[in-house]
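As they're listed, the protein sequences go chains A and B. So for the first sequence, numbering that gives the first Met the number 0 puts the first residue at 0; every next one is plus one. So for the second sequence, numbering that gives the first Met the number 0 puts the first residue at 0; every next one is plus one. The structure appears right after this line, and notes come after that.
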Amino acid sequence: MTVDPISGVSQHPVLGRSRLVVAVILIITLTVILIERLYFLQIVEHVRYRALSIENRFDLLPVPPVRGMIYDRHGEVLAENHAVYELEVVPEQVRDMAALMTWATQSLSLSERDRKKFNKRLRGRASFERILLKSGLSEEQAARFAVNQYRFPGVALRGRLRRSYPLGHVTAHVVGYVGRISDKDLDAKERSRYRGVAHIGKLGIESYYEGNLLGRIGYEQVETNAHGRVVRTLAREPAISGNHLHLTLDARLQKVVRNELVGHRGAAVVLEPHTGEILAFVSMPDYDPNLFAKGIDQVRYTALQQDPNKPLLNRALYGRYAPGSTLKPILALAGLEHTIDPRRRVKCPGFFALKEGGRVYRCWRKQGHGAVNFKEALEQSCDTYFYQLGLRLGISGISEALTTFGFGKQTGIDLASEPDGLIPTAPWKQRRYGTPWYPGDTLNASIGQGYVLSTPLQLAAATAALANRGRLVRPHLLRGVEDPETGEIRRPAEQVTEVQLGDPSQYERVIEGMIAVMHGSHGTARRAGQRLSYRIAAKTGTSQLVSLPQAGETAKDTPDHLKDHALFIAFAPAERPQVALALIIENGGSGGKIAAPIARRILDYYFVERLRRADLKESRYVRG
Amino acid sequence: MFAGRVFRFDSVLFFSTGMILFCGVFILFSASGGSTEILFHQGIRIAIAIIVMLGVAQIDPDVIRRWSPAIYLVTVLILMLVLAVGYVGKGAQRWLDLGLVRFQPAELMKLATPMMVAWLFANAPIPTSLGRLMVALTIVVIPAGLVMVQPDLGTAVMLVISAICAVVLAGIRWRHLIILTAAAAAALPFLWSQLRDYQKDRILAMLDPWSDPLGMGYHTIQAQIAIGSAGVSGKGWFSGSQSHLDFVPERSTDFIFAVFAEEFGFVGIIVLLGAYLLVTGRCMHIAYQAQDHYCRILAGALALTFFFYVFVNVGMVSGILPVVGVPLPLISYGGTSMITLMAAFGIIMGMHRRRRLMA
Numbered sequence: 000m001t002v003d004p005i006s007g008v009s010q011h012p013v014l015g016r017s018r019l020v021v022a023v024i025l026i027i028t029l030t031v032i033l034i035e036r037l038y039f040l041q042i043v044e045h046v047r048y049r050a051l052s053i054e055n056r057f058d059l060l061p062v063p064p065v066r067g068m069i070y071d072r073h074g075e076v077l078a079e080n081h082a083v084y085e086l087e088v089v090p091e092q093v094r095d096m097a098a099l100m101t102w103a104t105q106s107l108s109l110s111e112r113d114r115k116k117f118n119k120r121l122r123g124r125a126s127f128e129r130i131l132l133k134s135g136l137s138e139e140q141a142a143r144f145a146v147n148q149y150r151f152p153g154v155a156l157r158g159r160l161r162r163s164y165p166l167g168h169v170t171a172h173v174v175g176y177v178g179r180i181s182d183k184d185l186d187a188k189e190r191s192r193y194r195g196v197a198h199i200g201k202l203g204i205e206s207y208y209e210g211n212l213l214g215r216i217g218y219e220q221v222e223t224n225a226h227g228r229v230v231r232t233l234a235r236e237p238a239i240s241g242n243h244l245h246l247t248l249d250a251r252l253q254k255v256v257r258n259e260l261v262g263h264r265g266a267a268v269v270l271e272p273h274t275g276e277i278l279a280f281v282s283m284p285d286y287d288p289n290l291f292a293k294g295i296d297q298v299r300y301t302a303l304q305q306d307p308n309k310p311l312l313n314r315a316l317y318g319r320y321a322p323g324s325t326l327k328p329i330l331a332l333a334g335l336e337h338t339i340d341p342r343r344r345v346k347c348p349g350f351f352a353l354k355e356g357g358r359v360y361r362c363w364r365k366q367g368h369g370a371v372n373f374k375e376a377l378e379q380s381c382d383t384y385f386y387q388l389g390l391r392l393g394i395s396g397i398s399e400a401l402t403t404f405g406f407g408k409q410t411g412i413d414l415a416s417e418p419d420g421l422i423p424t425a426p427w428k429q430r431r432y433g434t435p436w437y438p439g440d441t442l443n444a445s446i447g448q449g450y451v452l453s454t455p456l457q458l459a460a461a462t463a464a465l466a467n468r469g470r471l472v473r474p475h476l477l478r479g480v481e482d483p484e485t486g487e488i489r490r491p492a493e494q495v496t497e498v499q500l501g502d503p504s505q506y507e508r509v510i511e512g513m514i515a516v517m518h519g520s521h522g523t524a525r526r527a528g529q530r531l532s533y534r535i536a537a538k539t540g541t542s543q544l545v546s547l548p549q550a551g552e553t554a555k556d557t558p559d560h561l562k563d564h565a566l567f568i569a570f571a572p573a574e575r576p577q578v579a580l581a582l583i584i585e586n587g588g589s590g591g592k593i594a595a596p597i598a599r600r601i602l603d604y605y606f607v608e609r610l611r612r613a614d615l616k617e618s619r620y621v622r623g
Numbered sequence: 000m001f002a003g004r005v006f007r008f009d010s011v012l013f014f015s016t017g018m019i020l021f022c023g024v025f026i027l028f029s030a031s032g033g034s035t036e037i038l039f040h041q042g043i044r045i046a047i048a049i050i051v052m053l054g055v056a057q058i059d060p061d062v063i064r065r066w067s068p069a070i071y072l073v074t075v076l077i078l079m080l081v082l083a084v085g086y087v088g089k090g091a092q093r094w095l096d097l098g099l100v101r102f103q104p105a106e107l108m109k110l111a112t113p114m115m116v117a118w119l120f121a122n123a124p125i126p127t128s129l130g131r132l133m134v135a136l137t138i139v140v141i142p143a144g145l146v147m148v149q150p151d152l153g154t155a156v157m158l159v160i161s162a163i164c165a166v167v168l169a170g171i172r173w174r175h176l177i178i179l180t181a182a183a184a185a186a187l188p189f190l191w192s193q194l195r196d197y198q199k200d201r202i203l204a205m206l207d208p209w210s211d212p213l214g215m216g217y218h219t220i221q222a223q224i225a226i227g228s229a230g231v232s233g234k235g236w237f238s239g240s241q242s243h244l245d246f247v248p249e250r251s252t253d254f255i256f257a258v259f260a261e262e263f264g265f266v267g268i269i270v271l272l273g274a275y276l277l278v279t280g281r282c283m284h285i286a287y288q289a290q291d292h293y294c295r296i297l298a299g300a301l302a303l304t305f306f307f308y309v310f311v312n313v314g315m316v317s318g319i320l321p322v323v324g325v326p327l328p329l330i331s332y333g334g335t336s337m338i339t340l341m342a343a344f345g346i347i348m349g350m351h352r353r354r355r356l357m358a
């Protein structure tokens, strides 16, 4: 050890310097470790990390198309898209969730249920995902949030288009609604067409013409930053809006018909007989389709489902009813072709027996109609006359006549899963019940009872064929498809089934009888036919749910849900029909008393009141 | 005081640090997204740092040696003051507001601690006694503890490293070194329990970042993607997608190395690490040439600490060390770290001139 002569500090240069050498070796070793690590990252694993960095940067975002609008025949909006606001939360970016909840509860009236739903979604998803906090914010609530947004990082307002139905209940059963896409709505192949699209047509026109309404989704290739925010758009393929649909419906008539049916269970279909264009399509009770478009909650959905009046059931399309006496004009026609003499009178004592002392089949009028001819039998709906007529036709003749008028098979309307209805035959009964066809079954069938089942739509289509003097048209709802870009309206491919049934001159005899129903002195709907400025051809019907009241009982004692269904078919003006309709009021009692006045008011609107309205706009639709 | 009244200057040290500073400004401009405001602030900081370096270089090392205990004691007092009335910034009490400047006393501690240790051992026979070693340990533990409470794990770790460097260079017995290492290992569980949760998470995330790729491991992984995606020549200045799209966290400060690596690639990294090695090597050379014990211990310790800064920062950014919040020396934006480092180089520069004068 040496001592520095100047500083007096002890020195040990050799040991001190050897430690410096150790230090330098340490430095070199650590540098090699660093370089090895960086070599590994940048050279060895470069390809993998480059892929990861590109994955980070680029994203393909679907751009949902705007769903096509739905209009009635005069351009009134039946379905449109409304801008609504949703509040979305990225949990990891939220500084104080409790404060956010408190504020949202007070200022946005966030309900207890909203909070529970949000917490449920919160648990199931990653913290960097956007999670819905509240949908359907009002303009005011959205503005209130926008002002306070700076206080809540990680919370964003998002505008979205929501389907809405301005007429609500009125068009529920025909236009249908859209709902959130569920797994069973789409198969794997279709899913790519729906990327970024939240809703799909579930029912009615919305579902049937889904392909037209949807449009095509577009894509945006974007560069995103670490927060998922789009920095710039690199490429863009715009979405193509869905086509607008122009329906054959007349919204005003639809409203009138619906109002007439409020308080009843029933259905009505009104159409133009020569074109098959449906003007009104109503089933009651109904529901608000906007609830479904918004996303209906379980409580309300269960309530609708369990309602004994079945508001969700589309009776006009799916309701299967015994058509009762409304079948008589068609059977009468078949009888004329079967060479019955219209002048021949049949004596009606109020009942009919197959053989002396055998089972008695009653006419609806206990005291009988006396001797009635063809026209009077239709006018008064004499069952005895039609029992005999039915026997002459036989069940094969009856079912053949009904089938040619479209019963027992789909009408071909543009609505999904239309039922067939039922026209019985002897082989059918053997298959179904294992019993032979009895003559009594034929008697029931000849007054539209027993096994015969028809939908209100089938009844309306058959009525239109009567009005057309035998020309059967396909009832339909679509009038034109509009390309939103060019504004060009295409008429759907013509699919009118035109079948000439029988000799046109024979129809006039039947229609004469149907006119007498309204205008004749004994017509079953004569009360509804008073003071008419135009002529209606019609037929009433009463479909029995239980056997006719026995002696001593009156209809008044029958409980409501067992009361007869009231039916009514009509077309007008009888000479050159412009409109045909079929109407059913469940448990309404007699067709003449309940259904006929309703039909009269509907027709009065169409022929009198509607024409008085000066403001009726000409349709946007251009006849092609 | 100003021996020989000659301007003390070392061109190798001056130009090698200058080169790093230049690289730093260059990459900071890109990392800040082209912010001239940040560039301006950093420029002022660099100017002050260079003036401090050249100024400190003119102080005679003997003066520094004599004042070492006083400087150390005053700095410890200031640290305590910070804890008492410290300005709360970034959730940690690290700053002391002096009105115009916000001053980080922990930075000064990084100079004062090795100075104090060097002073302690300069007059001692070599190898040192165990008693003196215990004193040295106390000298380190007090400020390190105060800094960790702030809490500033990075600085505390660096303080301990700088003191250990000084002790090792002073000539500790290997036996004692082993005992100390064993004691430190035994103390680890206790230290672990003292760590804040976020510090524990960072260390765990370092061990396996992909176990929690969207949580604590996220920053580490994104930094590694930035480095790895660059390749040999990098993506080019201002073209680092990871950095510019916010995937790289703290990209102007602690993680600026990831930006540099992404934009200049493996070639750029080799150049930068070469510059750091040049600075360290030059300091080690001056330490080697130094005649007195105090200068050798202090210069060696400061040079080693500087290198450890580089190692810990690059190590944490590239994922071989936990994220402890150590800036990249002379490049990261902000803080008083640059001025402290340049002051340290000033001290070493002064020693260099002194040796030449003595010879």
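Glycine included, every Cβ here is placed at the ideal spot set by N, Cα and C.
Query - Cα-Cα separation, Y48 of chain A to I58 of chain B - result: Here residue 48 of chain A corresponds to residue number 49 of the first sequence, with the count starting at 1. Here residue 58 of chain B corresponds to residue number 59 of the second sequence, with the count starting at 1. The straight-line gap from Cα to Cα measures roughly 50 Å.
Query - Buried versus exposed, by CB contacts within 10 Å (16 or more), T366 of chain B - result: The question about residue 366 of chain B has no answer here: the residues shown for chain B are numbered 0 through 358.
Requested in this report: Can you tell me the Cβ-Cβ gap for I69 of chain A and I204 of chain A, rounded? I've got them flagged as a contact below 8 Å.
Outcome: Within the first sequence, the letter at position 70 stands for residue 69 of chain A. Within the first sequence, the letter at position 205 stands for residue 204 of chain A. The beta carbons of I69 of chain A and I204 of chain A sit about 6 Å from each other, so the pair counts as a contact at 8 Å.
Query - Residues, ordered as in the chain, of the region 271-288 of chain B that lie near chain A by beta-carbon distance below 8 Å - result: Within the region 271-288 of chain B, the qualifying residues are L272, L276, T279, G280, M283, A286, Y287.
Report task. Consider the Cβ of V21 of chain A: report whether some Cβ of chain B lies at a distance smaller than 9 Å. Result -> Locating residue 21 of chain A in the first sequence gives position 22, counting from the first residue. Judged by the 9 Å Cβ criterion, V21 of chain A is in contact with chain B.
Report task. Using 10 angstroms around the beta-carbon of M283 of chain A, count the other beta-carbons present and answer buried if the total reaches 16, otherwise exposed. Result -> Start at 1 with the first residue of the first sequence, and residue 283 of chain A comes out as number 284. The residue is buried, with at least 16 neighbouring Cβ atoms inside 10 Å.
Query raised in the report: What residues from the region 33-47 of chain A come within 8 Å of chain B, judged by C-beta to C-beta, listed N to C?
Result: Taking 8 Å as the Cβ-Cβ cut-off against chain B, the residues of the region 33-47 of chain A that qualify are L33, I34, R36, L37, Y38, L40, Q41, I42, E44, H45, R47.
Requested in this report: Look at the alpha carbon of I319 of chain B and the alpha carbon of H218 of chain B, and state the distance between them as a whole number of angstroms.
Outcome: As a working note, residue 319 of chain B is residue 320 in the second sequence. As a working note, residue 218 of chain B is residue 219 in the second sequence. When rounded, the distance between both Cα atoms is 13 Å.
**Report entry** Proximity of L544 of chain A and L561 of chain A at Cβ, strictly below 9 Å
**Finding:** Residue numbering aside, residue 544 of chain A sits at position 545 when the first sequence is read from its first letter. Residue numbering aside, residue 561 of chain A sits at position 562 when the first sequence is read from its first letter. Result yes, Cβ atoms of L544 of chain A and L561 of chain A sit closer than 9 Å.
Query raised in the report: Going by Cα to Cα distance, which pick from A:L582, A:A155, A:L131 is closest to A142 of chain A?
Result: For the purposes of this step, residue 142 of chain A is taken as the residue at position 143 of the first sequence. Of the listed residues, the one whose Cα sits closest to A142 of chain A is A:A155.
Query - chain A within 9 Å of A342 of chain B, Cβ atoms only - result: Position 343 of the second sequence, counted from the start, is the residue given in the question as residue 342 of chain B. With a threshold of 9 Å between beta carbons, A342 of chain B makes no contact with chain A.
Query raised in the report: I think S163 of chain A touches N289 of chain A, with their Cβ atoms under 8 Å apart; what is that distance to the nearest whole Å?
Result: In the first sequence, the residue the question calls residue 163 of chain A occupies position 164. In the first sequence, the residue the question calls residue 289 of chain A occupies position 290. Cβ atoms of S163 of chain A and N289 of chain A come within 8 Å of each other, at about 6 Å.
Query - 9 Å Cβ cutoff, L99 of chain B in contact with chain A - result: Numbered from its first residue, the second sequence carries residue 99 of chain B at position 100. For L99 of chain B, the predicted model reports a pLDDT of 44, less than 50, meaning its position is unreliable and no value from the coordinates is stated.
Query raised in the report: Which residues bound the beta strand (DSSP E) around E54 of chain A?
Result: Stepping through the first sequence from its first residue, residue 54 of chain A is reached at position 55. Segment 45-56 is the alpha helix (DSSP H) holding E54 of chain A; no beta strand (DSSP E) there.
Query raised in the report: Alpha carbon to alpha carbon, how far is D253 of chain B from S52 of chain A?
Result: Walking along the second sequence from the start, residue 253 of chain B turns up at place 254. Walking along the first sequence from the start, residue 52 of chain A turns up at place 53. Distance between the alpha carbons of D253 of chain B and S52 of chain A is about 20 Å.
Query raised in the report: Under a CB-based cut-off of 9 Å, is G90 of chain B close to chain A?
Result: The residue you call residue 90 of chain B lines up with position 91 of the second sequence. For G90 of chain B, the predicted model reports a pLDDT of 43, less than 50, meaning its position is unreliable; a value from the coordinates is still stated below. G90 of chain B does not count as touching chain A.
Requested in this report: Please compile the residues from chain D whose C-beta is within a distance smaller than 9 Å of the C-beta of L119 of chain B.
Outcome: In summary, chain D is missing from the structure at hand, where the protein chains are A and B.
Requested in this report: Compute the Euclidean distance between the alpha carbons of Y197 of chain B and S191 of chain A, then round it to the nearest angstrom.
Outcome: Taking the first residue of the second sequence as 1, we reach residue 197 of chain B at position 198. Taking the first residue of the first sequence as 1, we reach residue 191 of chain A at position 192. Their Cα atoms are separated by approximately 42 Å.
Report task. Please go through the same chain and pick out, in chain order, the residues whose beta-carbon is closer than 6 Å to the beta-carbon of Y604 of chain A, but skip the five residues on each side of it. Result -> Position 605 of the first sequence holds residue 604 of chain A. If the five residues before and after Y604 of chain A are omitted, its C-beta is found closer than 6 Å to the C-beta atoms of V255, all from its own chain and listed in chain order.
Query raised in the report: chain A partners of L265 of chain B, CB-CB under 8 Å?
Result: By 1-based counting over the second sequence, the position of residue 265 of chain B is 266. Note that residue 265 of chain B is Phe in the sequence shown, not Leu. Ordered by position in chain A, the residues that pass the 8 Å Cβ test against F265 of chain B are L37, Y38, Q41, I42.
Query raised in the report: Should the region 291-299 of chain A be regarded as contacting the region 429-438 of chain A, the criterion being three or more beta carbon pairs within less than 8 Å?
Result: Not touching, per the Cβ criterion.
Query raised in the report: Name the DSSP beta bridge partners of Y84 of chain A, please?
Result: Looking up residue 84 of chain A in the first sequence gives position 85. Answer is A:L136, A:G158.
Query - As assigned by DSSP and simplified to three states, the class of L452 of chain A - result: Taking the first residue of the first sequence as position 1, residue 452 of chain A is located at position 453. Per DSSP, reduced to three states, the secondary structure at L452 of chain A is strand.
Requested in this report: Report, in whole angstroms, the separation of the C-beta atoms of A524 of chain A and T539 of chain A, which I expect to be a contact under 8 Å.
Outcome: Residue 524 of chain A sits at position 525 when you count from the first residue of the first sequence. Residue 539 of chain A sits at position 540 when you count from the first residue of the first sequence. Contact annotation, A524 of chain A with T539 of chain A: C-beta distance approximately 5 Å; criterion of less than 8 Å satisfied.
**Report entry** Residues in the region 241-258 of chain B having any Cβ partner in chain A nearer than 7 Å
**Finding:** Against chain A - using a Cβ distance shorter than 7 Å - the residues of the region 241-258 of chain B are Q241, L244, D245, F246.
Report task. Look at L312 of chain A and I412 of chain A and say whether their C-beta atoms are less than 9 Å apart. Result -> Position 313 of the first sequence, counted from the first residue, corresponds to residue 312 of chain A. Position 413 of the first sequence, counted from the first residue, corresponds to residue 412 of chain A. I412 of chain A sits away from L312 of chain A, with the two beta carbons spaced by 9 Å or more.
Query raised in the report: Which residues bound the alpha helix (DSSP H) around R250 of chain B?
Result: Mapped onto the second sequence, residue 250 of chain B falls at position 251. In the DSSP annotation of this structure, R250 of chain B is not part of any alpha helix (DSSP H), being labelled neither H nor E.
**Report entry** Straight-line gap, R319 of chain A to A267 of chain A (C-alpha atoms, nearest Å)
**Finding:** Locating residue 319 of chain A in the first sequence gives position 320, where the first residue counts as 1. Locating residue 267 of chain A in the first sequence gives position 268, where the first residue counts as 1. Rounded to the nearest angstrom, the two C-alpha atoms are 13 Å apart.
Report task. Run down chain A in chain order and give the residues with a C-beta less than 7 Å from the C-beta of I418 of chain B. Result -> An answer regarding residue 418 of chain B cannot be provided, because it is not within the stretch 0 to 358 covered by chain B.
**Report entry** For F306 of chain B, the nearest candidate out of B:A169, B:V325, B:L276 (CA to CA)
**Finding:** The residue given as residue 306 of chain B occupies position 307 in the second sequence. For the residues B:A169, B:V325, B:L276, the minimum Cα distance to F306 of chain B belongs to B:L276.
Requested in this report: Work out the CA separation of C347 of chain A and E375 of chain A for me, nearest whole Å.
Outcome: What you label residue 375 of chain A is simply residue 376 of the first sequence in a count that begins at 1. What you label residue 347 of chain A is simply residue 348 of the first sequence in a count that begins at 1. C-alpha separation (whole angstroms): 12 Å.
Query raised in the report: Name the residues in the region 162-181 of chain B whose C-beta lies less than 7 Å from a C-beta of chain A; which are they?
Result: From the region 162-181 of chain B, only V167, L168, G170 have a Cβ closer than 7 Å to chain A.
Query raised in the report: Any idea if M147 of chain B is buried or exposed, counting beta-carbon neighbours within 10 angstroms, 16 or more meaning buried?
Result: As a first step, residue 147 of chain B is located in the second sequence; it is residue number 148 there, counting from the start. Looking at its Cβ environment, which holds 16 or more other Cβ atoms inside 10 Å, M147 of chain B is buried.
Query raised in the report: Does any residue of chain A bring its CB to less than 9 Å from the CB of S228 of chain B?
Result: As a first step, residue 228 of chain B must be located in the second sequence, where it is residue number 229. It does: the Cβ of S228 of chain B has a partner Cβ on chain A nearer than 9 Å.
Query raised in the report: Would the beta-carbon of G590 of chain A fall within 9 Å of that of E378 of chain A?
Result: To locate residue 590 of chain A, count along the first sequence from 1; it is residue 591. To locate residue 378 of chain A, count along the first sequence from 1; it is residue 379. Their beta carbons are not under 9 Å apart, which means G590 of chain A does not touch E378 of chain A by this criterion.
Report task. State the start and end residues of the unbroken alpha helix (DSSP H) segment that holds Q304 of chain A. Result -> The residue labelled residue 304 of chain A in the question sits at position 305 within the first sequence. Looking at the DSSP string, the run of the alpha helix (DSSP H) that includes Q304 of chain A is 297-305.
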